[in-house]
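J.:
Residue numbers (the numbering used here): 53 to 265.
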């Protein structure tokens, strides 16, 4: 009762997992696009300009403002500048990583997965050509097809090997695409976000610089 097509069940499961990865990647890209829109808006640009003007004012007129004003102005300007350019930096780094290291592998894996459908169809057509005769065939035709079917059953291992080859190759390229999408759209943005948080913490700790400048 074994069907050679069952060999492809793990590939089907892998494709389902891949769809979840694609959903997460699409969500990450959508979030980056939204943040880029917010941080490049006119309102945010005006906020940066005001913070820079306050920082310049605090630098030039040191003795004409409260003691807490200069550190606050410097810190606000630095934080807004870092936030303004963090998302474009993530996009540029992601695109650069893809162009330098991942594009060739992505193209090859995508093309090969598209070819997998044709490979499976070719194996199916070859197997269907050796199916037993229809019920309305003559007795002689049935006998002949039974003999042919018995002979073909001797080659079932060959068909299983062909299915296994297709499944193994499809799995390999699907995993390659998963790695590419996870690295480009999830891990790299998280790494840069972590670096951004580290930078912001350092900015918040520059008390000595703010007070002496």
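Here a beta-carbon is modelled for each residue, glycine too, at the ideal position from N, C-alpha and C. This structure is a prediction, so every number in the text was calculated from the model and none was measured.
1. Within a Cβ cutoff of 8 Å, which residues of the same chain sit near residue 110, ignoring the five residues on either side of it in sequence?
2. In or out: residue 154 buried (at least 16 other Cβ within 10 Å) or exposed?
3. Hey, residue 225 and residue 164 are a contact pair by Cβ (cut 8 Å); roughly how many whole angstroms apart?
4. Measure the CB-CB distance between residue 144 and residue 236 and report whether it falls below 8 Å.
5. I need the straight-line Cα distance from residue 156 to residue 162, nearest angstrom please.
6. Could you name the residues of the same chain whose beta carbon sits closer than 7 Å to that of residue 91, not counting the 5 residues immediately before and after it, in chain order?
7. Taking 6 Å as the limit between beta carbons, can you name the residues of its chain near residue 229, skipping five residues before and five after?
8. Taking 8 Å as the threshold (C-beta atoms), are residue 233 and residue 77 in contact?
9. In whole angstroms, what separates the C-alpha of residue 247 from that of residue 220?
10. According to DSSP, is residue 113 part of a helix, a strand, or is it coil?
11. Determine the contact status of residue 240 and residue 146, defining contact as a CB-CB distance below 8 Å.
12. What is the rounded straight-line gap between the Cα of residue 231 and the Cα of residue 97?
13. When you compare each of 223, 256 and 142 to residue 84 by their alpha carbons, which one comes out closest?
14. Relative to the C-alpha of residue 171, which residue among 210, 67, 214 and 132 is closest?
15. Starting from the Cα of residue 102, find the closest Cα among 128, 67, 159 and 257 and give me that residue.
16. Is residue 146 near the ligand COA, judged by its Cβ being under 7 Å from some heavy atom?
T.: Taking the structure as given:
1. Around residue 110, the same chain offers 117, 121, 122, 125 and 126 as residues with beta carbons nearer than 8 Å, after the five sequence neighbours per side are excluded.
2. buried
3. 5 Å
4. Not closer than 8 Å, so no.
5. 10 Å
6. Leaving aside the five residues that flank residue 91 on each side, the residues in its chain whose CB is nearer than 7 Å to its CB run, in chain order, 135, 136 and 139.
7. 161
8. Contact flag set, yes.
9. 38 Å
10. Assignment of residue 113 by DSSP, reduced to helix, strand and coil, places it in the coil class.
11. Taking 8 Å as the cut-off, the Cβ atoms of residue 240 and residue 146 count as close.
12. 36 Å
13. 142
14. The shortest C-alpha separation from residue 171 is found at 214.
15. It is 128 whose Cα lies nearest to the Cα of residue 102.
16. The ligand COA is not part of the structure shown, which contains no ligands of any sort.
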